[in-house]
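Student: Okay, so the sequence shown: first residue is 584 according to the working numbering, each after it adds one.
Where is the CB? At the ideal position from N, CA and C, for every residue including glycine.
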Amino acid sequence: MKKEILEHNSKMIEVCLKELEDYLKTKEKNKDEKIVKNKKAIKGIRKYRLGYDFLFLPNRTFKYKGELIGGTSIMVLFKIYDMNGNEILFETEGEELKEQTIKLKNGEECYLCDLFYCSFDKEKFKEDQTFDFSPTMNVIMSNCRISMEIHSYTKDIEVKKVILEPENIDREEFNDIMLNNLEQFDVTDNKPAQSCAYIAVEVTEEI
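1) Beta carbon of Leu638, beta carbon of Ala783: below 7 Å?
2) If you draw a straight line from the alpha carbon of Glu682 to that of Tyr647, how long is it in whole angstroms?
3) What does a CB cutoff of less than 6 Å around His734 pick up in its chain, not counting 5 residues either side in sequence?
4) Would you be able to state if there are at least three C-beta pairs under 8 Å between the region 754 to 761 and the region 721 to 740?
5) How about Leu687 and Ser717: are their beta carbons less than 7 Å apart?
6) Could I get the ranges of all uninterrupted beta strand (DSSP E) runs contained in the region 690 to 723, with 3 residues as the minimum, in chain order?
7) According to DSSP, is Ile782 part of a helix, a strand, or is it coil?
8) What is the rounded straight-line gap between the Cα of Asn702 and the Cα of Thr713?
9) Starting from the Cα of Glu750, find the closest Cα among Phe645, Ile628 and Ile652 and give me that residue.
10) With DSSP run on the structure shown, which of helix, strand or coil describes Asp769?
11) Using the C-alpha atoms, what's the distance from Ile729 back to Asn669?
12) Using three-state DSSP, classify Asn751 as helix, strand or coil.
13) Three-state secondary structure (DSSP) at Met658?
14) Given Leu765, which residues of its chain have a CB within under 8 Å of its CB, disregarding the five upstream and five downstream residues?
15) Buried or exposed for Cys779, going by 16 or more other Cβ atoms inside 10 Å?
16) Phe673 and Tyr700: beta carbons closer than 7 Å?
17) Between which two residues does the beta strand (DSSP E) holding Thr737 run?
18) Which residue comes first and which comes last in the beta strand (DSSP E) that contains Gly634?
19) Please return the same chain residues whose Cβ sits closer than 7 Å to the Cβ of Asp665, not counting the five positions on each side in sequence.
20) Whole angstroms are fine: how far does the CA of Ile663 sit from the CA of Asp769?
21) Relative to the C-alpha of Ile746, which candidate in Asn667, Gly654, Gln767 and Met731 has its C-alpha closest?
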């Protein structure tokens, strides 16, 4: 009996891995088919802000309005100020707005997502639909003032077994998903939440 179960599980894993491989190949092919036309060279210094996502995972996949939801996330945009109140922007002379770190007083460096822990608290979210952002020691060591705002929201839809596809949603839908599934999100993985991706938002106006 145990042997049959092991063989069945092994076959299921093979099927899942095959589906994942086929899906990734399709995504890569579609990406390669996109043609960028009239690409212009970018000259001079470009300035930008960075943002990071915080991923909230349920204890299991659940149904929401006909879709299987495997997670949600918020993208938080950071603004960094020196002690005189002047905003510090990241800079590059290249075409790519790359992820960068900030320097701490002890000479070390850290990413912006390491300045705060973002945790899901069931009672807090039920009361005011917000998350618990707790500063880490890096905030003190940065010698900066930090402000944050939620830039966007996503839901992760299960399109195949073990394959999730993110989709942008508005705040109202995000809150509805979370409020109707508080117990599913009340897990240790969300205390604090993981950060898996970043965005760069170019600043073209004068600060």
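Tutor: In brief:
1) Counting from 1 along the sequence shown, the entry for residue 638 is found at position 55. Counting from 1 along the sequence shown, the entry for residue 783 is found at position 200. For Leu638 and Ala783, no; Cβs fall outside 7 Å.
2) Counting from 1 along the sequence shown, the entry for residue 682 is found at position 99. Counting from 1 along the sequence shown, the entry for residue 647 is found at position 64. Approximately 34 Å, taken between the alpha carbons.
3) Residue 734 sits at position 151 when you count from the first residue of the sequence shown. Gly634, Met658 and Leu660, listed in sequence order.
4) yes
5) The count along the sequence shown starts at 1 and reaches residue 687 at position 104. The count along the sequence shown starts at 1 and reaches residue 717 at position 134. In this structure, Ser717 does not lie closer than 7 Å to Leu687 by Cβ.
6) 699 to 702 and 715 to 718
7) Along the sequence shown, read from residue 1 onward, the residue named residue 782 stands at position 199. The answer is strand: DSSP assigns Ile782 an E or B state.
8) Translated into positions along the sequence shown, residue 702 becomes position 119. Translated into positions along the sequence shown, residue 713 becomes position 130. Note on residue identity: the sequence assigns Ser, not Asn, to residue 702. Ser702 and Thr713 have their C-alpha atoms spaced approximately 10 Å apart.
9) Here residue 750 refers to the residue found at position 167 when the sequence shown is read from its first residue. Of Phe645, Ile628 and Ile652, the residue nearest in Cα terms is Ile652.
10) What you label residue 769 is simply residue 186 of the sequence shown in a count that begins at 1. Here Asp769 sits in coil by DSSP.
11) Stepping through the sequence shown from its first residue, residue 669 is reached at position 86. Stepping through the sequence shown from its first residue, residue 729 is reached at position 146. Going by the C-alpha atoms only, they are around 11 Å apart.
12) The count along the sequence shown starts at 1 and reaches residue 751 at position 168. Strand, per DSSP.
13) Numbered from its first residue, the sequence shown carries residue 658 at position 75. In the structure shown, Met658 falls within a strand segment according to DSSP collapsed to helix, strand and coil.
14) Mapped onto the sequence shown, residue 765 falls at position 182. Only Lys705, Phe708 and Lys709 meet the Cβ criterion.
15) Stepping through the sequence shown from its first residue, residue 779 is reached at position 196. It is exposed - the Cβ of Cys779 has fewer than 16 other Cβ atoms within 10 Å.
16) For the purposes of this step, residue 673 is identified with residue 90 of the sequence shown, where counting begins at 1. For the purposes of this step, residue 700 is identified with residue 117 of the sequence shown, where counting begins at 1. No, Cβ-Cβ distance for Phe673 and Tyr700 is not below 7 Å.
17) Counting from 1 along the sequence shown, the entry for residue 737 is found at position 154. Start and end: Arg728 to Lys743.
18) Translated into positions along the sequence shown, residue 634 becomes position 51. Arg629 to Phe639 is the span of the beta strand (DSSP E), which, as asked, contains Gly634.
19) By 1-based counting over the sequence shown, the position of residue 665 is 82. Within the same chain, Asp665 has close Cβ partners Ile671 and Cys727.
20) Position 186 of the sequence shown, counted from the start, is the residue given in the question as residue 769. Position 80 of the sequence shown, counted from the start, is the residue given in the question as residue 663. Answer to the nearest angstrom: the Cα atoms are 31 Å apart.
21) Taking the sequence shown and counting its residues from 1, one reaches residue 746 at position 163. Ile746 has its Cα closest to that of Gly654, out of Asn667, Gly654, Gln767 and Met731.
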